[in-house]
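Chains as they are written, first to last, in my numbering: chain A, 1 to 413; chain B, 1001 to 1080.
Here a beta-carbon is modelled for each residue, glycine too, at the ideal position from N, C-alpha and C.
From a predicted model like this one, the values you see are computed outputs, not experimental measurements.
Heads up, the thing below is written out as structure tokens.
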């Protein structure tokens, strides 16, 4: 019998909230999480704004001793995983430990630790480097630390697919359960790249908004006056579970994850090609993988970065896949409020897609005052809207030409 | 503050243990729960605090709090 995969737990830390409930309320209220950077001096940088995580108490999730040894992306991962596993009510132990896995993606890993320890190397020499530098920096240590905490001894991995990393992770986890390699997966994406190095690097590519005087209006997906993306920190982690496994233990089921598509542009290291056929194909592959009629889809959480190329080409790709039905779709970019969490985006935005199915509300694209030429879908501008959605997509595309798409649908027996 | 007191203060901070656990014969690894990386970090903190340098060979011989105290005293020329 075919194995089905459902979502039974969710956790997030991000610029608009430190729990799923807080986040959902903020997104539906159209609240921006973007502000001036507070954690370091931005004086020399062209961009001085970002979506920082705010009011987050790391000591609720890690011990004081461990805090200075873990990069923030790992601390966020542990916090998200704690919330998700608790939410799922999943006990992991001798009876199932080898059937529970951990796949958590990150685009960059411990960038702030690299920055800090490299300064120590330059200033004080190699003998002053912390012995915890390397394990704090490696992107797969988010998954590693989660597996250690929960004793999850099944499959483990970490896709490092830039801004698609969280989606790649969830897609991989979905397949691992479907194909019988695991019964439950702790999976998603996290990032903590808001640093002088991160901002300077993306600034050098002219990829970031410099609307420093109006932070809350800086992330403007699909808008004529957009000027690049805004970086954000945090991520989201979900518990995926094989349906029979979830039902046997009486777990609450949020929704079903039923499709995953992944394609390469094979075009350019950072830019999508006109029409973004790779993105269109990834949506097509994802829908085909679960035999879903495109007309059944009601919502797409867009990649929607607010870069000049993405928004127009993503719109073209959606139109190619959905044809006439694209006019009926609600398409929103929650990055307008959270900023772009890079590898964390796929984790957070999967949670948003699931909440849309559960709550029957579509969060808006804020700051969309004047849609750009070529941006002519229903992007749910400014205000959230009630909508009974049967199936939803989450799109994420990353540098290196990675396109990754997940399909979720309402859970029915 | 004596060298003993300073050493214990560093250990309490670095290894997140209580002052009571820090008896002279306590072994960093067996009694205070340190792993090899904790030990490297602990030694780095002592180097910094006492302005000394501890080689990797010497590090191998420091197993207990008393070992550390004796070593630092010797290095600072304070005792046998």
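- Here residue 220 of chain A is not near residue 121 of chain A, since their CB atoms are 8 Å or more apart.
- Going by DSSP, residue 395 of chain A is part of the beta strand (DSSP E) stretching over 391-398.
- In the structure shown, residue 385 of chain A adopts extended strand secondary structure according to DSSP, grouped into three states.
- Non-local C-beta neighbours of residue 1032 of chain B in its own chain, meaning closer than 8 Å and more than five positions away in sequence, comprise 1011, 1015, 1017, 1021, 1022 and 1026, ordered along the chain.
- Distance from residue 229 of chain A to residue 305 of chain A at the Cβ level is roughly 4 Å; contact confirmed, criterion being Cβ atoms closer than 8 Å.
- Restricting attention to A:126, A:5, A:254 and A:205, the CA atom closest to the CA of residue 180 of chain A is found in A:5.
- In summary, residue 1078 of chain B is exposed, with fewer than 16 beta-carbon neighbours lying within 10 Å of its beta-carbon over all protein chains present.
- With fewer than 16 other Cβ atoms inside 10 Å of its own Cβ, residue 41 of chain A counts as exposed.
- Looking from the CA of residue 184 of chain A, the closest CA among A:232, A:251, A:222 and A:60 belongs to A:251.
- In this structure, residue 261 of chain A sits away from residue 33 of chain A, with a CB-CB distance that is not shorter than 8 Å.
- For the C-beta of residue 1016 of chain B, the chain A residues within less than 7 Å are, from N- to C-terminus, 63, 64 and 65.
- When the beta-carbon positions are compared, residue 310 of chain A and residue 394 of chain A stay at least 8 Å from each other.
- Here residue 340 of chain A carries a strand assignment [DSSP, helix/strand/coil].
- Interface annotation for the region 1030-1050 of chain B against chain A: 1036, 1037, 1038, 1039, 1040, 1041, 1044, 1047 and 1048, criterion Cβ-Cβ distance under 9 Å.
- At a cut-off of 8 Å between beta carbons, residue 229 of chain A makes no contact with chain B.
- Chain-ordered, the chain B residues with CB closer than 9 Å to the CB of residue 131 of chain A read 1036, 1037, 1038, 1039, 1040, 1041 and 1044.
- In the assembly as shown, residue 315 of chain A is a buried residue. Its beta-carbon has 16 or more other beta-carbons within 10 Å.
- Nearest neighbour of residue 246 of chain A by Cα position, chosen from A:115, A:11, A:85 and A:277, turns out to be A:85.
- In terms of CA proximity to residue 7 of chain A, A:357 leads the group A:289, A:72, A:357 and A:299.
- Burial check for residue 106 of chain A: the Cβ neighbour count within 10 Å reaches 16 or more, so the residue is buried.
- DSSP assignment within the region 39-112 of chain A yields the following whole alpha helix (DSSP H) runs of 4 residues or more, N-terminal first: 64-67 and 72-88.
- In this structure, A:52 is the residue among A:46, A:23, A:44 and A:52 with its C-alpha nearest to the C-alpha of residue 37 of chain A.
- Rounded to whole angstroms, the Cβ separation of residue 109 of chain A and residue 139 of chain A is 4 Å, and the two are in contact under 8 Å.
- Straight across, the Cα-Cα distance linking residue 407 of chain A with residue 175 of chain A is about 13 Å.
- Distances from the CA of residue 1045 of chain B to each of A:129, A:334 and A:19 were compared; the closest alpha carbon is that of A:129.
- The Cβ-Cβ distance between residue 191 of chain A and residue 73 of chain A falls below 8 Å.
- The beta carbon of residue 399 of chain A is closer than 8 Å to those of 162, 163, 269 and 270 in its chain, skipping five residues each way along the sequence.
- The three-state reading of DSSP puts residue 250 of chain A in coil, since its state is none of H, G, I, E or B.
- Take residue 298 of chain A, set aside five residues on each side of it, and the residues of its chain with a beta-carbon closer than 8 Å to its own are 328, 329, 330, 387, 388, 389, 390, 391 and 392, in chain order.
- Close CB contacts of residue 410 of chain A within its chain, under the 7 Å cut and outside five residues either way in sequence, are with 255, 357 and 390 (chain order).
- Relative to residue 48 of chain A, the option among A:111, A:404, A:273 and A:232 whose CA is nearest is A:232.
- Taking C-alpha positions only, residue 77 of chain A is separated from residue 187 of chain A by approximately 10 Å.
- Note that the C-beta distance between residue 396 of chain A and residue 346 of chain A is below 8 Å.
- Note that the C-beta distance between residue 326 of chain A and residue 365 of chain A is not below 8 Å.
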